[in-house]
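Undergrad:
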Amino acid sequence: MTLTQSTRPYERLLRLDPSSRLTSGGGQLALWSRFGRVAVGERDRPMVAVLQALATTEVTPTDLERLALATAGATATDDEIAVLARLHWLLDRIGNALEQQIGPAGEPGWLRVTALTGDLRFTHRPYTGNAAVALSRLALLRRRDGRMVVESGLAPFRVGVLHEQALALVGALAEPRTVADLAARLGLDETAIRHLVGFLAAAQLTDAVDPAADQWDPHELYFHSRSRCGRTDESFGATFPFVDVRPPLPPVKPAPAGPAVVLPRPDFDALRATDPPLVLVQEARRSVRGFGVEPMTLAQLGEFLYRVGRVRSVYGPDHDNRMPYEGVDRPYPTGGASGDLEIYVTAHRVAGLPRAAYHYDAWEHRLVQVCDDPTLIQGLLAGAAQATGGTPTPDALITFTSRFGRLTWKYDAMGYAATLKHVGVAYQTAYLVATAMGLAPCGLGSGDAHLSARAFGLDWQVESSVGEFMLGSLPRWADGTDPHQGRTNWRGANDPDWARRAGRLLSAARHDRAVPEEPS
1 MTLTQSTRPY ERLLRLDPSS RLTSGGGQLA LWSRFGRVAV GERDRPMVAV
51 LQALATTEVT PTDLERLALA TAGATATDDE IAVLARLHWL LDRIGNALEQ
101 QIGPAGEPGW LRVTALTGDL RFTHRPYTGN AAVALSRLAL LRRRDGRMVV
151 ESGLAPFRVG VLHEQALALV GALAEPRTVA DLAARLGLDE TAIRHLVGFL
201 AAAQLTDAVD PAADQWDPHE LYFHSRSRCG RTDESFGATF PFVDVRPPLP
251 PVKPAPAGPA VVLPRPDFDA LRATDPPLVL VQEARRSVRG FGVEPMTLAQ
301 LGEFLYRVGR VRSVYGPDHD NRMPYEGVDR PYPTGGASGD LEIYVTAHRV
351 AGLPRAAYHY DAWEHRLVQV CDDPTLIQGL LAGAAQATGG TPTPDALITF
401 TSRFGRLTWK YDAMGYAATL KHVGVAYQTA YLVATAMGLA PCGLGSGDAH
451 LSARAFGLDW QVESSVGEFM LGSLPRWADG TDPHQGRTNW RGANDPDWAR
501 RAGRLLSAAR HDRAVPEEPS
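According to full-length UniProt numbering, the stretch in the sequence shown is residues 1 to 520, in order.
#1: Pull the bridge partners of Glu463 from the DSSP assignment, please.
#2: Alpha helix (DSSP H) containing Phe122: first to last residue?
#3: Within 10 Å of its beta-carbon, does Trp460 have 16 or more other beta-carbons around it, so buried, or fewer, so exposed?
#4: Can you list, in chain order, the residues of its chain with a C-beta nearer than 7 Å to that of Val433? Leave out the 5 residues immediately preceding and following it.
#5: On a CA-only basis, which of Trp498, Gly472, Arg476, Leu471 is nearest His484? Give me that one, please.
#6: At a Cβ threshold of 8 Å, is Glu164 touching chain C?
#7: Taking just the CA atoms, how far does Arg93 sit from Leu120?
#8: Which runs of the alpha helix (DSSP H) fall wholly inside the UniProt domain "Cyanobactin oxidase ThcOx second" (133-233) and span at least 4 residues, in chain order?
#9: What's the gap between the Cα of Val279 and the Cα of Gly316?
#10: At a cut of 8 Å, does the stretch 397-417 reach the stretch 344-356 through at least three beta carbon pairs?
#11: With a Cβ-Cβ cutoff of 8 Å, do Leu135 and Leu154 count as a contact?
#12: Find the nearest neighbour of Ala387 within the set Glu463, Arg406, Thr62, Phe469, judged by alpha-carbon distance.
#13: Note the first and the last residue of the continuous alpha helix (DSSP H) segment covering Ser452.
#14: So, does the stretch 30-39 touch the stretch 67-82, judging by three or more C-beta pairs under 8 Å?
#15: Residue range of the beta strand (DSSP E) that Ala440 falls in?
#16: Do the stretch 275-293 and the stretch 436-454 meet, that is, are 3 or more Cβ pairs less than 8 Å apart?
#17: I'd like the span of the beta strand (DSSP E) that includes Val48, first residue to last.
#18: So within the stretch 324-366, which uninterrupted beta strand (DSSP E) runs reach at least 3 residues, ignoring any that extend past its ends?
#19: Given Ser20, which residues of its chain have a CB within under 7 Å of its CB, disregarding the five upstream and five downstream residues?
#20: Should Ala238 and Lys410 be called a contact, given that it needs their Cβ atoms to be closer than 8 Å?
#21: What's the C-alpha gap between Asp512 and Asp233?
#22: What number of angstroms, rounded off, separates the C-alpha of Gln300 from the C-alpha of Ala257?
#23: Could you work out which residue in Ala436, Thr419, Asp361 is closest to Val466 when comparing CA atoms only?
#24: Reducing DSSP to helix, strand and coil, say where Asp497 ends up.
#25: CA-CA distance, Leu173 and Asp361?
#26: By alpha-carbon positions, which one of Leu451, Thr57, Leu471 ends up nearest to Glu463?
#27: By DSSP, does Pro18 sit in helix, in strand, or in coil?
#28: Would you call Val197 buried or exposed, if buried means 16 or more other Cβ atoms sit within 10 Å of its Cβ?
#29: Comparing alpha-carbon positions, which option in Arg406, Tyr431, Pro276, Met47 lies nearest His88?
#30: Could you tell me the alpha carbon to alpha carbon distance between Tyr332 and Tyr427, rounded to whole angstroms?
Here you go:
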């Protein structure tokens, strides 16, 4: 129904969130919601009637007052005050377990708000200003459960759009408009506009938001808020959403078809005898954006991949411990032993290895060629150089991809966040191994997911690049030098000399020479 220009009354409608439930026992009626438990005695018939009404239908606050008074049979003024006091105490206690709607009196609601947190209360007031108003630039409009909803990573509320005229209002608020302009465009009276805009504003979905929000892009804030608990009511965590739908992805990705290069394997006892201590590796670790005169060798690449990304074992399933799938053990940890990351090597200058892109078969410890198209290879390598400000082309570009299904089969809402954590762990592992080996490492902050999918022959939404890492031989200027050298306005804190001392010690050990004396 479209409103005419005549003013019509508006009202709020209340109902319990569908995820809430009522239980009886021990002489109490208890409301269980996402925000906790609230109970009333079964002898408190007015409050029992109120909760039961809220669980079954939309009802106005006025109707709740009438229901409570009628159930209590209150006649004296003191009795009425006591009943209404208990009613408003109850509504305050269960506030965020209530869905609130706004719309013309006597009609279903046009907008509906759902609280996403337990501590921030929704309080609707009609918009009274005369300034132009717009949706927040952080607001997103999407389909959910057969309805359109407006939400953002900033707002602690979600607003469902239940009527075509309300949806038209949301669309009109894409740019700042006054109440009079909105009323004229939509054929609604100004009372309607003020109620509906006030509803969106109370949900923190208009442009009157926290100034600190300007540091966020909409997708990043939305991702942050929806991939952690506290500001979402979506299904979250290890819910195994696909356990009865399809089997999990295999723990180890089957190697693609193509020419294979068996990689040399490092020797554990030799590494144990010659590898530098962790304190030296950790302190000397640095990003090196340049490479030596001599190329990295196939043996070095093989040792790096073996120590960073090989599959050490596969285990499971273990149904007794909620693990109905096979886990993967690699040198770095992953959530739920998912082992979702794969490694691809784009070789540019590796002695003994043709210039091409390869998948690292982490089970067999070999490289399988997946692309030798010079245009695609050059595009990947050039992108890596560009990501570091135009530095030289690396000997090899290591690309970490994620088989997303290894995580989303088990986890709701947090799967992609988990894979980014895994990339961080893999980066640190790669840095430490490369430093111990005397190679030049540099993790990248971005990469071309579309180009890498083309080069590696991947379905972008099934497996995609999530991290890139440059690797090569160590240039002479970075061997044992002070990692802070050349940095302007450098201010040390907390033993900054450890990094310099560790670098000198590592360099001396690599070249089998005496440790240089510390300057006095």
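In this text, a Cβ means the ideal position worked out from N, Cα and C, and glycines have one as well.
Just so we're clear, the structure is a prediction, and the values are computed from it rather than from any experiment.
TA: Short version:
#1: Counting from 1 along the sequence shown, the entry for residue 463 is found at position 463. Answer is Arg403.
#2: Translated into the one-based positions of the sequence shown, residue 122 becomes position 122. Segment: none, Phe122 is in no alpha helix (DSSP H) and carries neither H nor E.
#3: By one-based count along the sequence shown, residue 460 stands at place 460. Burial check for Trp460: the Cβ neighbour count within 10 Å stays below 16, so the residue is exposed.
#4: For the purposes of this step, residue 433 is taken as residue 433 along the sequence shown, with counting starting at 1. For Val433, where only same-chain residues beyond five positions count, the Cβ hits under 7 Å are Phe304, Arg307, Val308.
#5: Translated into positions along the sequence shown, residue 484 becomes position 484. Cα-wise, what sits closest to His484 is Trp498.
#6: The question asks about chain C, but that chain is absent: this structure has only one protein chain.
#7: Looking up residue 120 in the sequence shown gives position 120. Looking up residue 93 in the sequence shown gives position 93. Computed Cα separation, rounded: 12 Å.
#8: You should have 164-172, 179-186, 190-202, 218-226.
#9: Numbered from 1 along the sequence shown, position 279 holds the residue referred to as residue 279. Numbered from 1 along the sequence shown, position 316 holds the residue referred to as residue 316. Rounded to whole angstroms, the gap between the alpha carbons of Val279 and Gly316 is 35 Å.
#10: The stretch 397-417, when compared against the stretch 344-356, does touch it at the 8 Å Cβ threshold.
#11: Counting from one through the sequence shown, the residue named residue 135 turns up at place 135. Counting from one through the sequence shown, the residue named residue 154 turns up at place 154. Using a Cβ distance threshold of 8 Å, Leu135 and Leu154 do not count as a contacting pair.
#12: Here residue 387 refers to the residue found at position 387 of the sequence shown. The candidate whose alpha carbon is nearest that of Ala387 is Phe469.
#13: Position 452 of the sequence shown, counted from the first residue, corresponds to residue 452. Per DSSP, Ser452 belongs to the alpha helix (DSSP H) from 449-456.
#14: Taking 8 Å as the limit for Cβ pairs, the verdict is that the stretch 67-82 does not touch the stretch 30-39.
#15: Here residue 440 is taken as the residue at index 440 of the sequence shown, counted from 1. Looking at the DSSP string, the run of the beta strand (DSSP E) that includes Ala440 is 439-443.
#16: Output reads yes: the stretch 436-454 touches the stretch 275-293.
#17: Here residue 48 is taken as the residue at index 48 of the sequence shown, counted from 1. Judged by DSSP secondary structure, Val48 falls outside any beta strand (DSSP E) and instead within the alpha helix (DSSP H) spanning 45-56.
#18: The stretch 324-366 contains these whole beta strand (DSSP E) runs: 327-329, 341-347, 356-361.
#19: Position 20 of the sequence shown holds residue 20. Here the set comprises Leu31, Trp32, Ser33, Ala97.
#20: Here residue 238 refers to the residue found at position 238 when the sequence shown is read from its first residue. Here residue 410 refers to the residue found at position 410 when the sequence shown is read from its first residue. Annotated as proximal: Ala238 and Lys410, with beta-carbon spacing under 8 Å.
#21: Your numbering for residue 512 matches position 512 in the sequence shown. Your numbering for residue 233 matches position 233 in the sequence shown. So the alpha carbons of these two residues sit roughly 60 Å apart.
#22: Within the sequence shown, numbered from 1, the residue matching residue 300 stands at position 300. Within the sequence shown, numbered from 1, the residue matching residue 257 stands at position 257. Roughly 24 Å separates the two Cα atoms.
#23: Here residue 466 is taken as the residue at index 466 of the sequence shown, counted from 1. Distances from the alpha-carbon of Val466 to those of Ala436, Thr419, Asp361 put Thr419 closest.
#24: In the sequence shown, counting from the first residue as 1, residue 497 sits at position 497. In this structure, Asp497 counts as helix in the three-state DSSP scheme.
#25: What you label residue 173 is simply residue 173 of the sequence shown in a count that begins at 1. What you label residue 361 is simply residue 361 of the sequence shown in a count that begins at 1. Those two C-alpha atoms are separated by around 52 Å.
#26: As a position in the sequence shown, residue 463 is number 463, starting the count at 1. Among Leu451, Thr57, Leu471, the Cα nearest to that of Glu463 is on Leu451.
#27: In the sequence shown, residue 18 corresponds to position 18, counting from 1. Looking at Pro18 - three-state DSSP - the assignment turns out to be coil, as it is neither helix nor strand.
#28: Mapped onto the sequence shown, residue 197 falls at position 197. Per the 10 Å Cβ criterion, buried.
#29: Counting from 1 along the sequence shown, the entry for residue 88 is found at position 88. When each option's Cα is compared against that of His88, the closest is Met47.
#30: Taking the first residue of the sequence shown as position 1, residue 332 is located at position 332. Taking the first residue of the sequence shown as position 1, residue 427 is located at position 427. Tyr332 and Tyr427 have their C-alpha atoms some 10 Å from each other.
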